[in-house]
Amino acid sequence: MLTQTINEEKLLAEFEAKINAEIKIEPKDWMPDEYRKHLIRQMSQHAHSEVIGMQPEGNWITRAPSLRSKKILLAKIQDEGGHGLYLYSAAETLGVSRDQFIQWLHEGKAKYSSVFNYPTLNWADIGAIGWLVDGAAITNQVSLQRTSYGPYSRAMVRICKEESFHQRQGYEIMWRMMEGTVDQQKMAQDAIDRWWWPALMMFGPHDTDSPRTSLAMKWRIKRESNDQLREKFINKTISQAEIIGLKVPDPNLIRNEDGTFKHGDINWDEFWQVVGGNGPCNQQRLEHHFNVHKEGAWVRESAIAYNIKHTNNQ
Ligand code: FAQ
């Protein structure tokens, strides 16, 4: 027993030394249970967010206002599905199967980002998602490129390249609408009014109310805290809004002397309601995922059968 404890302490010391030296932790390396559990939770939730996030945007594929915008939207949504796949694969290196991740999602044991439980009511919402939601996601993901777990970090590098294109396509939609008719300008402002706060909530609770942050920062899973990332996001996004004539819906916004901003109070009751399953679209999003997964069973079975046949014939 004593030998086991001494051995574990040694392994933990070596693990932490690697992290402090910025050496990535790889799947076959020893890692503390808590580190593995945090990653399984965060990476699978991240993967689920990418996949569930396809739904609010998919709602507008058939109604995109031009062939160009339809092609761009299709490509963007396909990218999000791909991000989900990289992340599920990276998370599987921690010893949990993809089927298990999906089952946890369907059973309500795994979360996905709160922001995808809001509806997309008009075309400007597609601009707002690209600009604000992808913009918030990328602020977090740029930081996660330096996360200590190798497979997660490498997935982030690839995802960030695509995500920056998504952010720009969203901003382009907003900018074009702001150059359009008064009605189009109103639609763009209405979209930012509805998506601004949910985008700020994506970063999670304030640091003082975030139970997972301190260990995650110690083991460099998270490299910046929820509040630090939220601040970075508002500082770059508010000036982008101003350039095209949009206003963020925050009557208590403070512009600091150095040009940075301090946002007003976030409605945390709303956040926890949405996280707890009571947002406007939670039920719809999960039901849709569940049904499509069930209907797609034959595709997965065929792929496995093909794979077995193909391998046997080699
Ligand atoms: N929604 O102690 P913390 C995208 C939960 S990808 C729901 O601060 P942590 C691409 C949290 O899980 C967007 N739940 O936790 C795209 C925890 O509950 P648990 C997704 C949330 O992990 C764009 C509890 O609250 N990105 O958008 C949320 O240290 C457009 C306490 O919170 C990622 O997932 C929330 N917003 O920090 C696709 C990035 N916030 O699990 C399509 C990776 C917190 O203990 C279209 N994840 N909670 O029961 C992270 O960086 C972190 O997990 C945080 C939360 C920052 C989300």
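For the sequence shown, this note's numbering gives the first residue as 7, with consecutive numbering after it. Yeah, the Cβ is synthetic: ideal placement off N, Cα and C, and Gly gets one too. None of these values were measured; they are calculated from a predicted model.
Look at the Cβ atom of residue 100, then the Cβ atom of residue 46, and state whether they are nearer than 8 angstroms. yes
Pull up the DSSP beta-bridge partners for residue 260, would you. 268
Between which two residues does the alpha helix (DSSP H) holding residue 239 run? Annotation: the continuous alpha helix (DSSP H) that includes residue 239 extends over 232 to 249.
Going along the chain, which unbroken runs of the alpha helix (DSSP H) with 4 or more residues stay wholly within the stretch 110 to 182? 129 to 134 and 140 to 150
Hey, how far is the Cα of residue 67 from the Cα of residue 121? 19 angstroms
Following a CB-centred definition, is residue 232 positioned closer than 7 angstroms to any heavy atom of the ligand FAQ? Residue 232: yes, Cβ under 7 angstroms from the ligand FAQ.
By DSSP, does residue 314 sit in helix, in strand, or in coil? helix
Which residues bound the alpha helix (DSSP H) around residue 223? 219 to 224
Nearest to residue 268 by alpha carbon, out of 182, 278, 274 and 256? 256
What do you reckon, is the C-beta of residue 281 under 7 angstroms from a heavy atom of the ligand FAQ? At a cut-off of 7 angstroms, the beta-carbon of residue 281 counts as near the ligand FAQ: some heavy atom of the ligand is closer than that.
Buried or exposed: which applies to residue 89, given that a residue is buried once 16 or more other Cβ atoms fall within 10 Å of its Cβ? Result: buried.
Could you tell me which of 247, 248, 241 and 253 sits nearest to residue 264, measuring between CA atoms? 241
Can you give me the start and stop residues for the alpha helix (DSSP H) that residue 36 sits inside? Careful: residue 36 lies outside any alpha helix (DSSP H) and carries neither H nor E.
Do residue 253 and residue 247 have their C-beta atoms within less than 8 angstroms of each other? yes
Out of curiosity, what's the CA-to-CA distance linking residue 205 and residue 224? 26 angstroms
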